[in-house]
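Chemist: Dropping the structure in here first, questions after.
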Amino acid sequence: MLIATISVSCKQHSKNYSEPFAIEVATVKGEKLPYTKEFIAPIAANYSATVQPRISGFLVATSFKNGMPVKKGQLIFTLDDAPQRANLLAAEASLSSAKAKATEAKRNYERAIPLARINAISQTQLDQYTAENLAAIASVKSAKQNLRNAQLDESYTRIYAPISGIISSSAATVGDYIGPGTQFSILTTIQSIDTIGVDLAIPMSEYLAVSGRNAFSYDNASLLSDISLRVADGSEYPEKGFYQYTRQSIASETGTIVLVVGFRNPDYALKVGQFARITASFGADKEYIVVPQRAVSQIQNISSVWVIRPDSTAEYREVTLGNTSGEWWIVENGVEKGEVVATTGLQKLRNGMKVSITK
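Going by this note's numbering, the sequence shown wraps up at 363, each residue one higher than the last.
Right, here's the structure in full:
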């Protein structure tokens, strides 16, 4: 930055400005800075799980509060298990009976083998005992499978949270008949928000210009960095964001590519559906025209600087500003690289005022 002491003398509107005053100036320069892009988009859950009953039955209890966090494996719904327990007892009894018959068939078969060797029984009788033994073994296997099915059906009367997250309300209430084929085939949904996602829509032309690619790419992690989030009150979220993935298709109606970024949300401070302002560095650093922030005046949405021309006169310039970067303000239009702008005494300068720089 060029810093100088300026002695100002001006004769304007018949008034003498003979008393010098000191101001500082800076040279407008080009600075390589990250290309910072800003987005406003709603916050979305990382993913959701739909809770559906596997069997039909009467709902006897719910074990959660609508809109509150639940943990994976937490009991959330309980069905009347009387029919399933009856089937379970019947399956256990069938297995015991099958095992008893299998024991008898095995003994008969084992006795028949030595008798057949001495021709005490016919080969036909041995074949019969062999068949009965094999059938008994198969009956035991079938009874065991029926028992496992009955156990599964009984376990399905208790529905647990498949993931951790925020559970929504359920239309089904205690006493309703729920299950596949009923009006309550879906009980609720759970949104996983340990990590939240935000869609960043970027015009395809801008994406191609920044990425330097001639075709759409699915891996764009290298294009985004320094991802930050601000909520509606303007406060900055303490966690930095990260690239997650690129959506597979281009939005034909808007011609945009969507890059999805994520933010860790361990305390559930970010809510699904709320809008957030996302700022991210997009692509490689670019050279921008920058001036010190203190050189800029802003009044009623008009931004301006005082340019010190080569003939040592002050010139008022309106400028179009971009983003800030540290102590610098990016100027999109209004000044050129190498020009000199005032950084102090802005309120005292007048258009056309003659100045002299004392080093």
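Glycine is no exception: its CB is placed at the ideal position from the N, C-alpha and C atoms. Owing to the predicted nature of the structure, the values given are computational and were not obtained by experimental measurement.
(1) Check for me: the alpha helix (DSSP H) holding Ser215 runs from which residue to which?
(2) Tell me, please, whether the stretch 320 to 332 touches the stretch 281 to 299 by the rule of three or more beta-carbon pairs shorter than 8 Å.
(3) Assuming contact is defined by CB atoms lying nearer than 8 Å, are Gly245 and Pro57 in contact in what I supplied?
(4) Per DSSP, what kind of secondary structure is Gln155 in: helix, strand or coil?
(5) Determine the burial state of Ile303: buried for a count of at least 16 other Cβ atoms within 10 Å of its Cβ, exposed for fewer.
(6) Please state whether DSSP places Lys41 in a helix, a strand or coil.
(7) How would you label Gly169, buried or exposed, when you count the other beta carbons within 10 angstroms and need 16 or more for buried?
(8) By DSSP, does Arg354 sit in helix, in strand, or in coil?
(9) Below 8 Å CB to CB, which residues in the same chain sit around Gly71 once its five sequence neighbours on both sides are set aside?
(10) In terms of residue numbering, what span does the beta strand (DSSP E) encompassing Thr31 cover?
(11) Check Asn91 in the structure and name its three-state DSSP category.
(12) From which residue to which residue does the beta strand (DSSP E) around Pro57 run?
(13) If distances are taken between C-alpha atoms only, which option among Pro296, Gln187, Thr348 comes closest to Gly34?
(14) What would DSSP say about Asp203, mapped onto helix, strand or coil?
(15) When you compare the stretch 59 to 78 with the stretch 178 to 195, are there three or more beta-carbon pairs, one atom per stretch, that lie closer than 8 Å?
(16) Can you have a look at Thr260 and say buried or exposed, based on whether 16 or more other CB atoms are within 10 angstroms of its CB?
(17) In whole angstroms, what separates the C-alpha of Phe279 from that of Arg89?
(18) Which value, in whole angstroms, describes the spacing of the CA atoms of Ala225 and Gly201?
(19) Answer yes or no: do Tyr51 and Ser196 have a C-beta to C-beta separation smaller than 8 Å?
(20) Do Val344 and Thr367 have their beta-carbon atoms positioned less than 8 Å apart in this structure?
(21) How long is the line joining the alpha carbons of Val265 and Ile206, rounded to whole angstroms?
(22) Please check the pair Tyr164 and Gly77, which I expect to be a contact at CB under 8 Å, by giving their CB distance rounded to whole angstroms.
(23) Report buried or exposed for Ile194, applying the criterion of at least 16 other Cβ atoms within 10 angstroms of its Cβ.
(24) Between Asp3 and Glu158, which are expected to be in contact by the criterion C-beta below 8 Å, what is the C-beta distance as a whole number of angstroms?
(25) Is the separation between the beta-carbon of Ala102 and that of Ser67 shorter than 8 Å?
(26) In this structure, does DSSP put Gln278 in helix, strand or coil?
(27) Where do the ends of the beta strand (DSSP E) carrying Pro184 lie?
(28) Could you name each continuous beta strand (DSSP E) segment of 3 residues or more that falls completely within the stretch 265 to 345, going from the start of the chain to the end?
(29) Suppose the cutoff is 8 Å on Cβ atoms and the five residues either side in sequence are ignored; what does the same chain contact list for Val339 look like?
(30) Cα separation between Pro270 and Asp198?
(31) According to DSSP, what are the bridge partners of Val262?
Modeler: Considering the structure as presented:
(1) Unbroken alpha helix (DSSP H) run through Ser215: 208 to 215.
(2) In this structure the stretch 320 to 332 lies against the stretch 281 to 299, because at least three pairs of beta carbons, one per stretch, are closer than 8 Å.
(3) In this structure, Pro57 does not lie closer than 8 Å to Gly245 by Cβ.
(4) Looking at Gln155 - three-state DSSP - the assignment turns out to be helix.
(5) Result: exposed.
(6) Strand at Lys41.
(7) Buried, because 16 or more other Cβ atoms sit within 10 Å of the Cβ of Gly169.
(8) Here DSSP, grouped into helix, strand and coil, assigns Arg354 to coil.
(9) Within the same chain, Gly71 has close Cβ partners Ile170, Ile171, Ser172, Ser173.
(10) For Thr31, the enclosing beta strand (DSSP E) starts and ends at 29 to 31.
(11) In the structure shown, Asn91 adopts helical secondary structure according to DSSP, grouped into three states.
(12) That residue, Pro57, is in no beta strand (DSSP E); it is neither H nor E in DSSP.
(13) Of the candidates Pro296, Gln187, Thr348, Pro296 places its Cα closest to the Cα of Gly34.
(14) Under the three-state reduction of DSSP, Asp203 is assigned to strand.
(15) Touching, yes, given that three or more Cβ pairs across the two stretches are closer than 8 Å.
(16) Thr260 comes out buried.
(17) Looking at the two C-alpha atoms, the distance is approximately 49 Å.
(18) Ala225 and Gly201 have their C-alpha atoms spaced approximately 15 Å apart.
(19) For Tyr51 and Ser196, yes; Cβs fall inside 8 Å.
(20) Absent from the structure is residue 367, since the part of the chain shown begins at 5 and ends at 363.
(21) A straight-line Cα-Cα distance of about 13 Å links Val265 and Ile206.
(22) Right, the Cβ-Cβ distance comes to about 5 Å (below 8 Å), so this counts as a contact.
(23) Label assigned to Ile194: buried.
(24) Lying outside 5 to 363, the shown extent of the chain, residue 3 is not represented and no answer is given.
(25) Cβ atoms of Ala102 and Ser67: not closer than 8 Å.
(26) Coil, per DSSP.
(27) Taken as a continuous stretch (DSSP letters only), Pro184 belongs to no beta strand (DSSP E), as it is neither H nor E.
(28) DSSP runs (the beta strand (DSSP E)) wholly in the stretch 265 to 345: 279 to 286, 290 to 296, 301 to 303, 306 to 312, 318 to 322, 324 to 329, 332 to 337.
(29) Val32, Ile293, Val295, Val309, Val311, Arg321, Val323, Val345, listed in sequence order.
(30) Pro270 and Asp198: Cα-Cα distance of roughly 5 Å.
(31) Per DSSP, Ala205.
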